[in-house]
Amino acid sequence: MEHNAYQIDVLQVIRSSWVLVLMLVLSIIVFAVTLERWFYFARTKLDSDKFLEKIKAFIIDEKYNEAIEFCKKSKGVIPIVVRTGMEERHLPRDEVAKLMEATQAEQKVNLQRYLNILGSIGSTAPFIGLFGTVLGIIKAFRDLAASAGGGPEIVMVGIAEALVATAGGLAVAIPAVLLYNYFTDKVKNITVEMDTVTRKTLVILANYGEGAHARRK
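For the sequence shown, numbering that gives the first Met the number 0 assigns the number 0 to the initial residue and increments by one for each residue that follows.
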């Protein structure tokens, strides 16, 4: 019976610790951001090679309006960048390239949306948990000082309960960091793909665009 008196009630610890309540809120935020980004990248997935082949065919046939409409209907950030090139094709090539690069920068912001939240939670959650542990240990020793004959069991239970905060911080931080790295890597790959498609589009416009047709005539 004496042993049961000093068992840890985890649910009670969670209810009585504002740090663990905060960890629960942070874990919900991580889950929400993960779902939003997962569906965003799944929704905007695109085969850039097939897309560019279709754009090339439109340019060769001088169907620029069709190419622009095709870009509007296609999903992802790459068609938005290519559409800029189609709409501004009458400008000098250097200016078209700059406008497409500016569109890339705008779309990169969309790709990176909410990732700073994952990074911030991943980096701060362990320290919040550690802060909760320190507060818990202070409370445990205060309880020992106030206890007439509780003995070291009071401190041990208090420290064990305090360490739950550290465990909670790590439980939130580890998935957040892994997910942040995963999505950041995805953004890097799409950014490289955007740059590649931009260069290829400029070459296609130079070789098969309006100016090229005029030179051949």
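Note that beta-carbon positions come from the ideal geometry of N, C-alpha and C, so glycine has one too.
Item                                                                                                                                                                  : Value
Could you spell out where the alpha helix (DSSP H) holding Q103 opens and where it closes?                                                                            : 92 to 110
Suppose contacts are defined by Cβ-Cβ distances below 8 Å. Is V196 in contact with S47 by that definition?                                                            : yes
Under the rule that 16 or more other beta-carbon atoms within 10 Å means buried, what is F122, buried or exposed?                                                     : The identity of residue 122 in the sequence shown is Ser, whereas the question assumes Phe. With fewer than 16 Cβ atoms within 10 Å of its Cβ, S122 is classed as exposed.
Examine the Cβ distances between the region 45 to 61 and the region 197 to 204 and report whether three or more of them are shorter than 8 Å.                         : yes
Within 10 angstroms of its Cβ, does A161 collect 16 or more other Cβ (buried), or is it exposed?                                                                      : buried
Which of helix, strand or coil does DSSP assign to A4?                                                                                                                : With a pLDDT of only 45 at A4, under the threshold of 50, the placement of this residue in the model should not be trusted; the figure read from the coordinates follows. Helix, per DSSP.
Could you tell me the boundaries of the alpha helix (DSSP H) in which R141 lies?                                                                                      : 114 to 145
Specify, as a first and last residue, the run of the alpha helix (DSSP H) that E86 falls within.                                                                      : 77 to 86
Could you compute how far the alpha carbon of A145 sits from the alpha carbon of A139?                                                                                : 10 Å
Across the region 27 to 35 and the region 88 to 97, are there enough close Cβ pairs to call them in contact, namely three or more that are closer than 8 Å?           : no
According to DSSP, is L178 helix, strand or coil?                                                                                                                     : helix
Could you tell me which of Q103, A166, L19 sits nearest to I217, measuring between CA atoms?                                                                          : Not covered by the structure: residue 217. The range shown for the chain is 0 to 216.
Just curious, the alpha helix (DSSP H) that K47 is in, first and last residue?                                                                                        : The question names Lys, but residue 47 is Ser in the sequence shown. Looking at the DSSP string, the run of the alpha helix (DSSP H) that includes S47 is 47 to 59.
May I have the straight-line CA-CA distance separating V186 from L110, to the nearest angstrom?                                                                       : 6 Å
Return the residue from the list T83, E68, V20 that minimises the CA-CA distance to M193.                                                                             : T83
Would DSSP call T197 helix, strand or coil?                                                                                                                           : helix
Work out the CA separation of L45 and F126 for me, nearest whole Å.                                                                                                   : 40 Å
Distance check for R198 and E86, CA to CA, integer angstroms please.                                                                                                  : 16 Å
For L19, count neighbouring C-beta atoms within 10 Å of its own C-beta (all shown protein chains included) and say buried if the count is 16 or more, exposed if not. : buried
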